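Note sheet for the following structure.
Residue numbers (the UniProt record's numbering): 1 to 199.
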C-alpha cells in the first residue's frame, strides 16, 4: 500500500503533542543553526531557500521570522499539502527525485532536505543529490538518519542505508560536509578551511 501524506499523517507526526517527532521550538533552533552556518560561509544574509520535502512548510514560518524578505520555495509531493497550503506558503508539487525537472529559480543560498532522504528510493537518490548540487549556491542542510541511528517515528517506506553510504553518495554529487548535516558545493568549497571539511 503506497504511503499517504494526508491530514492525518501530519496531525499524528507533527501536531499531536503526545506523538509528534519534533516541536516548533526544535524547528526554530535548526533554522537558526543553518542560517548561521550559511551566512558565515556566504558572508552575507541568506536571501533564498529551497525546502525539498517541505511538508506543510514548517521551516518557512521560522525563516520568515528571522529573515522577513527571504525568498522561500517549498517542494512537496503530498496532494493534501499542495491543495491546502500550496499557494499561501509558496509550495509547489514535486519530489526529491523530480528536482531536476522542476522549473526552479536557482542557485539557492540554502537548500533544506530535512528528514526526507531515508524515504527516498535508491533510484532517485543519486539524481536528486545531483540536482541539489546543481541548484546550490550556498549551504545544503541534508538531515538524514542512517541504520546506525536509534530513532523513533515513521518507519514506513524507510530505506536502510549506512552513514557511510550516505556520505559516499553526497561526495559523488560533489557535496562536501561542513558539520551538523550541512554541506557545500563548488560555489563555497573554497570558503571553507581544511578542518571544516569532512571528505
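Glycine residues also receive a C-beta, built at the ideal position from the N, C-alpha and C atoms.
Treat the numbers as computed from the prediction; the structure is a model and nothing was measured.
Check: Whose C-beta lies closer than 8 Å to the C-beta of residue 192 among residues of the same chain, with five residues either side of it excluded?
Finding: 41, 176, 178, 184
Next item on the list: Would you mind stating whether residue 75 and residue 53 have Cβ atoms separated by less than 9 Å?
Entry: yes
Checklist line | 6 Å CB neighbourhood of residue 187 in its chain, flanking five on each side removed | finding: 137
Check: Is it buried or exposed for residue 23, if we count other Cβ within 10 angstroms and need 16 for buried?
Finding: exposed
Next item on the list: Enumerate in chain order the residues of its own chain whose CB-to-CB distance from residue 35 is below 8 Å, with the five nearest sequence positions on each side excluded.
Entry: 46, 63, 66, 67, 110
Check: Is there a Cβ from chain E that is less than 9 Å from the Cβ of residue 64?
Finding: You won't find chain E in this structure, because it holds only one protein chain.
Checklist line | 6 Å Cβ shell around residue 102 - same chain, five flanking residues per side excluded | finding: 94
Check: What's the gap between the Cα of residue 39 and the Cα of residue 189?
Finding: 14 Å
Item checked: Backbone secondary structure at residue 46 - three-state DSSP -> coil
Item checked: Length of the line joining the Cα atoms of residue 106 and residue 84 -> 25 Å
Next item on the list: Could you work out which residue in 49, 37, 92, 87 is closest to residue 72 when comparing CA atoms only?
Entry: 49
Check: Buried or exposed: which applies to residue 99, given that a residue is buried once 16 or more other Cβ atoms fall within 10 Å of its Cβ?
Finding: buried
Note to self: So, under 8 Å CB-CB, residue 270 and residue 124 are touching, yes? Tell me the CB distance rounded to an integer number of Å.
What the structure shows: Outside the modelled stretch of the chain, which goes from 1 to 199, sits residue 270, for which no answer is possible.
Margin query: Here's the rule I'm using: 16 or more other beta-carbon atoms within 10 Å means buried, otherwise exposed. How should residue 135 be labelled?
Written below: buried
Notebook entry, point to check: Closer than 8 Å: is that where the CB of residue 97 sits relative to any heavy atom of the ligand ATP?
Noted result: Among the components modelled here there is no ligand, and therefore nothing to report on the ligand ATP.
Checklist line | Simplified DSSP state of residue 142, which is helix, strand or coil | finding: strand
Checklist line | Helix, strand or coil at residue 73 [DSSP, three-state] | finding: strand
Notebook entry, point to check: In terms of residues, what are the limits of the beta strand (DSSP E) holding residue 109?
Noted result: 108–114
Notebook entry, point to check: Since residue 177 is in the beta strand (DSSP E), which residue starts that stretch and which ends it?
Noted result: 176–179
Next item on the list: To the nearest angstrom, report how far apart residue 89 and residue 108 are at their CA atoms.
Entry: 18 Å
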